[in-house]
Amino acid sequence: MAGGPTTPKLAAAASNCGALGSLGAALLSPPQIKQQAQQIRELTTRPFAINLFAPNPNFSYHSVSQHRIENAIQSLMPYHDQLGLTGPVCKPPYDEDFERQFEAVLESNPAVLSYTFGHLPLALAEKAKRMGIILIGTATTVKDAEALWERDVDAVVLQGMEAGGHRGIFDPTQDDPRISLMDLITQCKNSPRLKGLFMIAAGGLMNAEDIERVLKAGANAVQLGTAFLTCVEAGTSVPYRRALLASENRKTDLTRIYSGRIARGLVTPFMNEMQSKEILPFPMQNSLTRPLRTASAVKDSDRFLSMWAGTGQGPLWTGETKDLIKKLFPSVI
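The sequence shown maps to residues 0 to 332 in numbering that gives the first Met the number 0.
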């Protein structure tokens with residue numbers, strides 16, 4: 000969970016309980032990655048993971064017309080005025096340098112490097128493997144799971160349509176395949192090309208019963224995000240927490256309006272208002288909307304926040320991570 004919710008304290012607390020804590024580092028600078036990895040090591044001697052966004056070699060911001068950029072800027076101008084911000088600015092760099100982030104990960108030497116949005120460049124994957132780092136990719140279709148398994152990974156997160164946050168779709172121009180987690184597990188189990196695949200189920204899992212269901216269906220492990228967003232160790236902002244806890248029946252939807260890539264989050268008026276407006280490709284849109292999101296959090300408002308959450312319903316845990324994990328895995332811990 001990049002962008003603040005995952006903290007060294009949260010990752011370490013999960014690892015200390017025997018789970019695999021993960022640092023969402025996709026939006027961190029290389030120095031921040033190294034610093035936060037070191038903080039995790041000071042809090043746990045257990046293995047942990049670092050997660051990055053795989054680069055898109057087919058994207059060039061030079062291919063985006065100035066007309067589209069101007070339209071996107073104009074669509075956000077009224078919201079900047081509401082917050083007293085200067086006008087939106089769209090200019091590079093739009094995100095962190097991936098190869099420098101990757102080198103920071105190698106220097107941090109986590110047990111696991113996980114990633115989403117596609118493949119690691121082969122040379123980088125081989126470099127990580129030579130260091131003994133386990134690689135975990137993310138797939139939303141059986142085809143993508145096959146491509147990852149045959150090329151460069153030790154395990155694959157099967158991300159059902161129920162999952163919160165960014166969708167792991169390889170081609171950012173494509174629509175979401177909208178395959179449920181249970182269907183995706185079944186399809187991967189039945190694929191002869193995925194013999195021996197270590198399957199990590201993700202999407203809408205909130206409690207011990209959800210976990211038992213997907214493990215019985217054939218998953219080897221589970222990955223949870225939303226369930227941990229309101230733990231005391233999470234870095235989830237106050238207005239984001241408030242919105243998550245406002246109802247046990249959380250309404251979510253898929254949108255590109257915050258980052259340019261499809262992601263699932265809590266439905267907001269801003270999300271609905273922007274659906275018909277110009278949306279730039281990732282990471283340009285992500286960079287363009289960042290000032291609004293940052294200012295909104297500072298003002299203790301969820302008006303412009305991207306509040307990622309899955310479809311799982313029910314009460315959220317507001318205590319310590321260790322106690323949540325005990326609830327999720329009562330027969331193990």
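Ideal Cβ placement from N, Cα and C applies to all residues, glycine included.
CB-CB length for residue i against residue j, believed under 8 Å
| i | j | result |
| --- | --- | --- |
| Gly309 | Glu161 | 5 Å |
| Leu183 | Val141 | 7 Å |
| Lys90 | Leu42 | The Cβ separation is near 38 Å, so there is no contact. |
| Val152 | Leu134 | 5 Å |
| Ser21 | Ser113 | 7 Å |
| Ile336 | Ala127 | In the structure as shown, the chain starts at 0 and stops at 332, and residue 336 therefore has no counterpart that could be examined. |
| Ala48 | Val111 | 4 Å |
| Lys321 | Asn15 | 7 Å |
| Phe227 | Arg260 | That belief does not hold up - the Cβ atoms of Phe227 and Arg260 are roughly 22 Å apart, past 8 Å. |
| Ala1 | Gly17 | No, Ala1 and Gly17 are not in contact; Cβ-Cβ is about 24 Å, not under 8 Å. |
| Ala233 | Asp301 | Between Asp301 and Ala233 the Cβ distance is about 16 Å, and since that is not below 8 Å, they are no contact. |
Buried or exposed by the 16-neighbour rule on C-beta atoms within 10 Å, applied to residue i
| i | result |
| --- | --- |
| Gln100 | buried |
| Pro109 | buried |
| His66 | exposed |
| Leu123 | buried |
| Val88 | exposed |
| Met130 | exposed |
| Ala11 | buried |
| Met76 | exposed |
| Arg192 | exposed |
| His118 | buried |
| Val297 | exposed |
| Gln340 | Past the boundaries of the shown model lies residue 340; the chain is included only from 0 to 332, so the question cannot be answered. |
| Gln158 | buried |
| Ser275 | exposed |
| Gly224 | buried |
| Asn50 | buried |
| Asp299 | exposed |
| Thr317 | exposed |
Residues that DSSP places opposite residue i in a beta bridge
| i | result |
| --- | --- |
| Ile49 | Leu22, Leu112 |
| Gln222 | Ala201 |
| Trp307 | Gly264 |
Boundaries (first-last residue) of the beta strand (DSSP E) holding residue i
| i | result |
| --- | --- |
| Thr251 | 251-254 |
Run of the alpha helix (DSSP H) containing residue i, from where it starts to where it stops
| i | result |
| --- | --- |
| Pro4 | First-last for Pro4: undefined, no H or E at that position. |
| Thr320 | 320-327 |
| Asp209 | 207-216 |
inquiry  = Could you tell me which whole beta strand (DSSP E) segments of length 3 or greater appear in the segment 230-298?
reply    = 251-254, 262-265
Whole runs of the alpha helix (DSSP H) within the segment 127-179, excluding any shorter than 4 residues = 141-150
ask   = At what residue ranges does the segment 27-112 contain a whole run of the beta strand (DSSP E), taking only runs of 3 or more?
value = 47-52
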